[in-house]
Amino acid sequence: MTMIFEPDFGTPASEKSQVVSLEIDGKAITVAADTSIMRAALVAGIDIPKLCSTDRLKAFGSCRLCVIQVDGRNGTPSSCTTPVAEGMKVSTQSEKLDRIRKGVMELYLSDHPAECATGDECEVHGVAKKIGITTSRYAKGESHLDLKKDESNPYFTFDSTECIVCNRCVRACDEVQGTFALTIENRGFEARVSSSGTSFIESECVSCGACVQACPTGALTEKTLLTIGAPTSSVITTCAYCGVGCSFKAEMRGDQLVRMVPFKEGGANEGHSCVKGRFAYGYATHSDRITKPMIRNDITEAWREVTWEEAISFAADGLKKIQSESGRNAIGGITSSRCTNEEVYVVQKMVRAAFANNNVDTCARVCHSPTGYGLGQAFGTSAGTQDFESVEHSDVIMLIGANPTSAHPVFASRMKQAIRKGAQLIVVDPRVIPLVRTPGVSATHHLQLMPGTNVAVINALAHVIVTEGLVKRDFVDARCEEKSFKDWEAFISLPENSPEALEASSRVPADEIRKAARLFASVPNASIYYGLGVTEHSQGSTMVMGIANLAMVTGNIGRKGVGVNPLRGQNNVQGSCDMGSFPHELPGYRHISNPDTRKIFNDKWGVTLDAEPGMRIPNMFDAALAGEYRGIYVQGEDIAQSDPNTSHVHAALRAMDMVIVQDLFLNETSKFAHVFLPGTSFLEKDGTFTNAERRINRVRPVMKSPTGKSEYEVTCDLATAMGYPMSYENGAAIMDEIAATTPTFSGVSFKKLDEVGSVQWPCNDANPDGTPMMHVETFMRGLGQFMRTPYVATDEKANRKFPLLLTTGRVLSQYNVGAQTRRTANNIWHAEDILDLHESDAQMRGIADGSWVKLSSRVGETIMRARITDEVPAGVVYTTFHFPESGANVITTDFSDWATNCPEYKVTAVEIAPSAKGPGAMVETHIEGDVQLHSIIRMANQIAANIPVSDAPEIKVAHHIVQFWTKTMIERLHNDVDKSKLSPIVIKAMEVLLVTQ
Amino acid sequence: MRVFVPGDSAAISIGADEVAARISKLDPTVTIVRNGSRGALWLETLVEVDTDSGRIAYGPVMPDDVQSLFDADFLKGGAHPLALGKTDDIEWLASQERVTFARVGIIDPLSLDEYRQHGGLVGLKSALGLTSEAIINEVTQSGLRGRGGAGFPAGIKWKTVAQTNSAQKYICCNADEGDSGTFADRMLIEGDPFTLIEGMTIAAIAVGATQGIVYLRSEYPHAISILQNAIEIAREFGWLGDRVLDSTHSFDIQIRVGAGSYVCGEETAMLESIEGKRGVVRAKPPLPAIEGLFGQPTVINNVLTLSTVPMVIAQGAAAYKARGVGRSLGTQVFQLGGNIARGGIVEKAFGVTLKELLDTYGAGTLSGKPFRAVQIGGPLGAYFSTQQLETSMDYESLIAAGGMLGHGGVVVFDDSVDLAVQAKFAMEFCAIESCGKCTPCRIGSTRGAETIDLIIKGVRVDENKKLLLDLCEVMTDGSLCAMGGLTPMPVKSAMVNFPSDFLGAAK
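Have a look at this one:
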C-alpha cells in the first residue's frame, strides 16, 4: 500500500462555463473564466510556491510567495487572488519574483523553529527548500518561539511556535465548518491565531478537524501523528457514524491507524468532517472489544469463550430446536444500519432462506420506516430526492425535526454555507436548535410547535398555499395525479386545516405560519430537509406524506435546490432498507407478496420464499411475550437500550430462549443473550455503505479483523449450520448478487465503485452513472400522488400526573446509544445524558441547574442531571439517549407510527421531581395482560384513524393490514379481540379481510 | 452682536471653550457663534467680531486675554495687541485658494441657512437635474482625484460603480484620518459638515446608491457629534431620507465609528470594519467599486474628495480644473505641522512649491533652528531634505522626487532630527499598525526596526543596510496593501537623502 496523494490546486475550481485562454511561462493554457492564475498554473503542471492557499478555501493572498508578473501590468500580484484573463501572459519565474519569494521566506524562517516536530508535515521548510534558501539573514530578534502549546483538545494540539498566521485554520473554521471558533488576535507582529481568547477545549470549537486539515505547518496537529509518527500508507474508506457518509483517507503507519483524513473527492463531504468521523475512531481498538465468540445456556450464567464452530453450532441447534417446537415463524433476525449493505443482505437472506420466514426487520424500523412508507406512497420509492450539493441551490430551506449541527454536522456546514450565501431558513422544531440562531445564520421563521403536532403545522402551511392561490399549477397538472390532487385540495382547504384553527394544537401563531408558507411558495427553489423529529411520531408516516404534498404543490421536485430530503441517522440506514431488511419487502423495496419478485430470489437462492410478511420488531417483542417468538439474531444493534419502553423490551428478551448478539462490545442487549458473536469494526469491513443521498460508498478494510472472520462469513456459517449452505468469496461477490437480483442496483459493482468513487442508485442500464437527483422527468411511480393527511392528536397526552412532554435527540459528540463514542475521548464534551428544561418548569418544582432530577412517565422512571435552558419552551423537556446509566428509553412508550410502528420517541408525557442522587434508570420488567392483543387493537384503530383516503377507508385499512401484518396478528384480530374496542372502520375492514381471504 | 469663537477641536484644545465662556459672562447679550477654524492654527483661538465693516479678528486669544479685549472695546473692533484687522485681509488666509475649505471658519457649521447663503446645495440641486452620466462626466472632466492619498480619478471610480448592476450600492466616506500630521478631514467636518453630506448625496445620485456611511475615527468626538447633528438636520429638511429634496432619489447616511486602528483607513480594511469584522485588508480584485461593502458596488472616497464635489458641480468642471498643474488639477488642502511656526490649513492650487509652503506660510521652524527634514504625506511618506525645497507640490512631481502627496500632510523637523531614528520609527509604526495579514508587513516591519536598530548601534552596518534595502524591496513589491508597501518609503528616503545618519558607529 502507498500513500494516496491529493493534489492541492490552491484555490477552488471556478464555476463558470466560459473558458479563457492565456499563456503561463510560455505555455498555452485554457481554463474556466474566473480561475485563479495559481490554479491555472498548477493544473497545467507549473509549480508556484504557496503557503496560505488551499483549494478548499477562498483565495486570501497573505503569504505573498505565489507572486507572479503579468505582461503589461504593474507590480507583482499574488497568483491566488488574480483571476485569469483572455490573452494574458504570465511569468511565474524571474529574478524579481525570486528575490521577493526568498525575502518573504527569510521572514518566515526568522520566526519559525529550525526543525519542526512534525517533520515533512510542515510545509514551510519544504517550500523554503524549493525556493532555494534554508536560513534567514536576520539577527535573532523578537519571536514567538517560546509560546506555550495548547494541548487541551483530546485529539489535536495547537503549537503557536510553528504557526505562520496564514489564517487557513481561521478560514476553514469560517468557510468550511461555519463555527467561527477561531480568530486572529491582535494585529501586526503580534497577530496570532487564537481560539477566541481561551483554550481550544473551552472555546466554541466543535473539533471538526477542518483547521487541522487546513494547517500547512505542525501548528495544528493530530496527537496521534506525534505519538505514532508519519503515516506510510493510506486507504480510502467511509465513516461509520451518521448517514452523511463521509469519505476518509485512513492513514496508516504499519498496522496502526495514524489518523482519519477527510477525502476531498468524497462526494458527500468533499473534504470536510466532524469530530466523530475525524477523531472518534478509537473504539475500534478499545480494550472492551470482544474478539472471541462466547456462549451460555442461561443469561444468569457467566459467558464462556468458545471456538467459532462451537458458537455457531450452539446457536444453530438452539434455533432449530425452537423451530421444531414452536414452528418456523418462532425465530427471526434484526439487521443493523451500522453494517455494510453486504452484511445486511446476507442476514436478511439467512432469515428468508435459512430460517424460512420473513421475520427480518431493521433498526431503521425505529428511525426512518415512515420515510420509506410515506415517500413510497407519494413518489414511488423510499429515498431522498437530492444529493447534498443541491442545498447550495436552494432559495428557501425548510428544516423539520432535525438538528443537523449535532446529528449531521458535515451536511450542516453545507447548509450553513448556503444560508450565508442568501438562502432563507424556516425551522420547524419544538426546540431552539442552533441553526435558529448561530453565528452567520439565523432562521427567517422558527415555527416552534408542540411535540406531536407536526401534521397540524404541515397541513396549515399547505392550507395557506392552496387557499391563497400559491399552487404551482403547471407542475401539479403535468406531474401529479389529477384525482388525488383534487381530493387533497378539497381536504386541505377545509377550515379545520387553517393555521388559525390549528394554532390551539400546535401553538404556532397563525400569522407566522402564513408568512412561512408564502415565503416557501414564493421562491424559485425551496427544499425540505427532515430528521427523526418527523418520523418518530404516531403520525410519522402522515407527516412524511404531508411533506411530499407540500413539495409537490409548490412544484419543488426534480431539479437542483428543491426536493424532499430525509437526513438519515445511521451510516447505512438507507442501505439496510434498500437491502430488503423489512419483513414485507425484498431488496429494492419490492413487496414479498409479488410472485415475480419472489421468483427472482427463489431461482437465485434455490428456495421457496414465504409470501406472507413477517414480524416487525415490536411485533417480535409482543410475540415473545405471548410465547410465540423465541429466538432472535441481533446484528449490531442494542435494542435493549435504543428501543422504546425498555421494560417491555427487557421482558421480551428475557422471554426468549435463544438470543444471538453480533456486536463489537457487550451491551445492554447482550445481558439477555445466549450467544455472542464478535463483530468487525468499519476499519475491518470490506463492503459498501449507502448514505442519505443514496450514494453507495466503498468501505475498505484497513486492518485485519481481530476475530479472524468477516461478519458476513459468520452469518453464512450460521445459515449453513441451520441447513442452508451460504458462502461468498468476498464482499464484491455479495454485491454482484445484489446487482443480479435488484434492478436499482444492477449497474453496481465494487469494480465500478473503485473506478468512479461512488454512485447514487438507481444505477443500472438506464442510469449507468447513477442518479444524483430523482424524479426529474416523472416520478418513480409515474404521477405524484397527493394524500389526505388528517391531523390526529397522539394518545400520548400531557395530563395532571404527567404534565410535561419529553422529546429526545442527540448531541454532537456522542452517537446513538454511545457504544462507539462513549469509548473515545468524546466523553470530555458530554459524559452523561442531561435533561433540558425551561426555567419556569424548573422553578415550579424547585429544581436547580445541574441538580439531579427524577424523570418519570407512565412506563418507567430514571434519574439524570437537569440543565435549565431557554432552548426548550415551557412544558417541553428534552434529553439524549447516549448513556445506559440514565437509559432515557426507560421512559419512552410503546406508542408508534400508525403505518410502520416506528416508535413515538419524540413525545412522552412525563413529570420531573428533584432527586437526592443519580444517575440511574429503574427498569421493572413487570408486564400486565396480553400485550400482543393490546398492540393489535391499538394499531388497528390507529390505522383506521389515519388512513389517507376519503372514499371507502375500510378497503384501504384492510389492504394496509394485509400488506404489513403477519398472519397470526390478523387471526388474533378476528378471533381474540373484543369488537367493542375497535373503531367502526376497523370492523368494516375486518369484513373486507374475510371476503378477500 | 455676533462673536465667532471656533468650536473646532484644535481651538478647543488650547482654551476656545473658556474664551467663549468668559465672553458670554462678561457680556451675556453677545451671540457667540462656534464656527469652524479658519485654519490658521497659529492664531487660535482666533476670535472674530462681526462689525459693520466686516469681521475683525483677534488672536491668538487666551482665556486671560478676554478681559483686556473687553477693556479694548473689541466688540466694536477696538485696538488691542492681539488685533489682526479684518480677517479677510490677513495675508496668510487671503493668499490661499480656498475651494474645498471655502466655507470653513466662515459659517456656523450647523446652520443650514448660512450654508445655503454661502452657496450650499447649489451643486446638489443642479445634480438632481442631471443624468447619472452627466454628473459623472462633470466630475471626470474636473480632474478631481482621490484626496485620501492614492489620487485615483474620482469620476472613473464612480463610473465603475454606476455601471455595475446591483439592487444595493453604497457610498462610503473614509474619514479615518489616521496619518500623523493631517487634520483636514476633521476640520472640514467640524467646520462645514453639510458640504460632505452634499458631496455624498451627489455621489449617491450619480451611481444609484441609497445608503451612505461615514467611517469616522473615535479619536474625533467633536467631528462625530457635529456630523451627527448635521445629518439629523439634513433629514429634517428633507434632504436625507426618502425622496431627497422632493426628487425620486432616496439616500441616507449613517456614521460608523472606528476603533483606533490605523489600517482601517485602508479602504478594504475599512469595509471589513464597517461590516463588523476585524479590520483586515482584502486582496484586490475584486475592486470595492464592483464588490465592496457587503459585497455590493461601493464608492469609497475621502472626506476632501467628496467635499469638493459640490463645488465642482455648482461651478462646473472647467472652473475647477482651471487651477493646478499637469494631471494634478484643482487645489490641495495642505496641512502644515510639526516643528513649524505657523501651522494649519493651506489650500493652494497644485504646483505650489514646498519652499513656498514652508517659508511663506510656515515661516520657519517653531524652535527657530534651521529646517532639516520634511515628511510629506503622513507616516508612510518620504523625508525630503533642504535640497528638495523647489519640488512642485503635485502628485506627479512628488512621485518623481521619490515621495508622494498622500493626504497632504507636511511635517517639519529641525536640525536636531536623526533620520535613522525616524526610519526605525516608520518600521515600528508599521509593526504596531499592520493588520497582520501579509507576511512582508507583519514580520518585515519588526525585522526592519530591529535591523535599523543594529545599524544605529553600528553592528555590521553595511551588511544590515543591504539587508534593509532587500527588505524594503520585499515590502514594497510583496505587501498586500499600501501599508506594508509604503512603509519603505520613509526608510529609503531617509537613507538616500540623509546618508550621514546611517553610518552607525562611524557617525
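Chains A and B supply the protein sequences, listed in that same order.
Per the working numbering, the first sequence runs over residues 1 to 997.
Per the working numbering, the second sequence runs over residues 998 to 1504.
The C-beta atom is built at its ideal place from N, Cα and C for all residues, glycine as well.
Give the DSSP bridge partners of L837(A), in chain order.
In the DSSP output, where bridge partners are listed per residue, L837(A) has I868(A).
Less than 8 Å between C-beta atoms, sequence neighbours within five positions excluded: which residues of the same chain meet that for I1271(B)?
Shown here for I1271(B): same chain residues with a beta carbon closer than 8 Å to its own, the five before and five after excluded, namely C1169, I1210, Y1212, R1253 and L1290 in chain order.
F158(A), enclosing beta strand (DSSP E) - first and last residue:
From DSSP, the beta strand (DSSP E) with F158(A) extends over F156 to D159.
Since V1000(A) and A32(A) are thought to touch, with beta carbons under 8 Å apart, how far apart are those beta carbons, to the nearest angstrom?
Given that chain A is displayed from residue 1 to residue 997, the structure contains no residue 1000(A) and the question cannot be resolved.
According to DSSP, what are the bridge partners of L804(A)?
The partner list for L804(A) (beta bridge, DSSP) reads V910(A).
Are I696(A) and P587(A) touching if we call contact CB-CB under 8 Å?
Not closer than 8 Å, so no.
Tell me whether H1404(B) sits in a helix, a strand or coil according to DSSP, three-state version.
Here DSSP, grouped into helix, strand and coil, assigns H1404(B) to coil.
Residue range of the beta strand (DSSP E) that includes L1090(B):
Counting along the chain, L1090(B) falls outside any beta strand (DSSP E), though it belongs to the alpha helix (DSSP H) covering E1088 to A1091.
Look up T227(A) in the DSSP assignment and say whether it is helix, strand or coil.
In this structure, DSSP gives T227(A) a helical state, which the three-state scheme calls helix.
Rounded to whole angstroms, what's the CA-CA distance from S484(A) to S207(A)? Just pull it up for me.
Between the C-alpha atoms of S484(A) and S207(A) there is a straight-line separation of about 48 Å.
Indicate whether T680(A) and T707(A) have their beta-carbon atoms separated by less than 8 Å.
Less than 8 Å separates the beta-carbon of T680(A) from that of T707(A).
Which same chain residues end up closer than 7 Å to Q1293(B) when comparing Cβ atoms and leaving out the 5 residues on each side of it in sequence?
If the five residues before and after Q1293(B) are omitted, its C-beta is found closer than 7 Å to the C-beta atoms of S1163, Q1165, K1166 and Y1167, all from its own chain and listed in chain order.
Spatial neighbours of G614(A) in its chain, beta-carbon cut-off 7 Å, leaving aside the 5 residues before and after
Annotation for G614(A): G332, N357, N358, N359, V360, P583 and T966 place their beta carbon closer than 7 Å to its own, counting only its chain and skipping 5 residues before and after.
Residues of its chain near C66(A), where Cβ-Cβ distance is below 8 Å and the 5 sequence neighbours each way are ignored:
Cβ contact annotation for C66(A) (same chain, cutoff 8 Å, sequence separation greater than five): G10, M38, I48, P49, K50, S53, S78, S79 and C80, in chain order.
Taking the alpha carbon of N1327(B) as the reference point, which residue from G1335(B), K1318(B) and G1334(B) has its own alpha carbon closest?
Correcting the residue type first, residue 1327(B) is Gly in the shown sequence and not Asn. Comparing Cα-Cα distances from G1327(B) to each of G1335(B), K1318(B) and G1334(B), the minimum goes to K1318(B).
Using 8 Å as the limit for Cβ to Cβ distance, is R187(A) near chain B?
Yes, its Cβ sits closer than 8 Å to a Cβ of chain B.
Between which two residues does the alpha helix (DSSP H) holding H125(A) run?
Following the DSSP letters along the chain, one finds H125(A) inside the alpha helix (DSSP H) bounded by residues E123 to I131.
Under a three-way DSSP split, which group does Y1392(B) fall into?
DSSP places Y1392(B) in helix when its eight states are reduced to three.
contact_flag[the segment 793 to 813 of chain A, the segment 764 to 771 of chain A] where n(CB pairs < 8 Å) is 3 or more:
No: the two stretches stay apart, fewer than three of their Cβ pairs being nearer than 8 Å.
For the segment 1413 to 1436 of chain B, list every residue whose C-beta sits within 8 Å of some C-beta in chain A, in sequence order.
Listed by position, the residues of the segment 1413 to 1436 of chain B near chain A (Cβ gap below 8 Å) are C1427, A1428, I1429, E1430, S1431, C1432, G1433, K1434, C1435 and T1436.
Is the Cβ of T1484(B) closer than 8 Å to any Cβ of chain A?
With 8 Å as the cut-off, T1484(B) does not count as an interface residue toward chain A.
Which runs of the alpha helix (DSSP H) spanning at least 4 residues fall entirely within the segment 1057 to 1089 of chain B, listed in chain order?
The qualifying runs are 1063 to 1068.
At a Cβ threshold of 8 Å, is P113(A) touching chain B?
Answer no: the Cβ-Cβ gap between P113(A) and chain B never drops below 8 Å.
Is it true that the CB of P1307(B) sits closer than 8 Å to the CB of G1196(B)?
Yes, the Cβ-Cβ distance between G1196(B) and P1307(B) is below 8 Å.
At least one CB of chain B closer than 8 Å to the CB of R73(A): is that the case?
By this cut-off, R73(A) is not an interface position.
Can at least three beta-carbon pairs, one atom from the segment 384 to 398 of chain A and one from the segment 641 to 656 of chain A, be found at a separation below 8 Å?
Contact between the segment 384 to 398 of chain A and the segment 641 to 656 of chain A is absent, with fewer than three C-beta pairs closer than 8 Å.
If the cut is a Cβ gap below 8 Å, which residues of chain A does D1527(B) touch?
Past the edges of chain B, shown from 998 to 1504, lies residue 1527(B), and the structure says nothing about it.
What are the start and end residues of each continuous beta strand (DSSP E) run of 3 or more residues lying completely inside the segment 226 to 289 of chain A, in chain order?
Secondary structure within the segment 226 to 289 of chain A: the beta strand (DSSP E) runs of 3 or more consecutive residues, fully enclosed, are 233 to 238, 247 to 253 and 256 to 262 (chain order).
Can you say whether N74(A) is buried or exposed, counting buried as having 16 or more other CB atoms within 10 angstroms of its CB?
Exposed, because fewer than 16 other Cβ atoms sit within 10 Å of the Cβ of N74(A).
Return the bridge partner residues of T862(A) from the DSSP annotation.
T862(A) is bridged to L855(A) and A921(A).
Can you tell me whether A1315(B) is helix, strand or coil according to DSSP?
A1315(B): helix per DSSP, three-state reduction.
Under 9 Å between beta-carbons, which chain B residues line up against C63(A)? List them in chain order, please.
Those within 9 Å of C63(A) in chain B are C1435 and T1436.
Once DSSP output is grouped into helix, strand and coil, what is the label at M398(A)?
DSSP places M398(A) within a strand segment (E or B) once states are collapsed to three.
S110(A) CB to nearest chain B CB: under 8 Å?
Output row for S110(A): interface = yes.
Please report how far the alpha carbon of N571(A) lies from the alpha carbon of D610(A), in whole angstroms.
If I take the Cα positions, the gap works out to 30 Å.
So, using beta-carbon positions, are G784(A) and A378(A) closer together than 8 Å?
Their beta carbons are under 8 Å apart, which means G784(A) touches A378(A) by this criterion.
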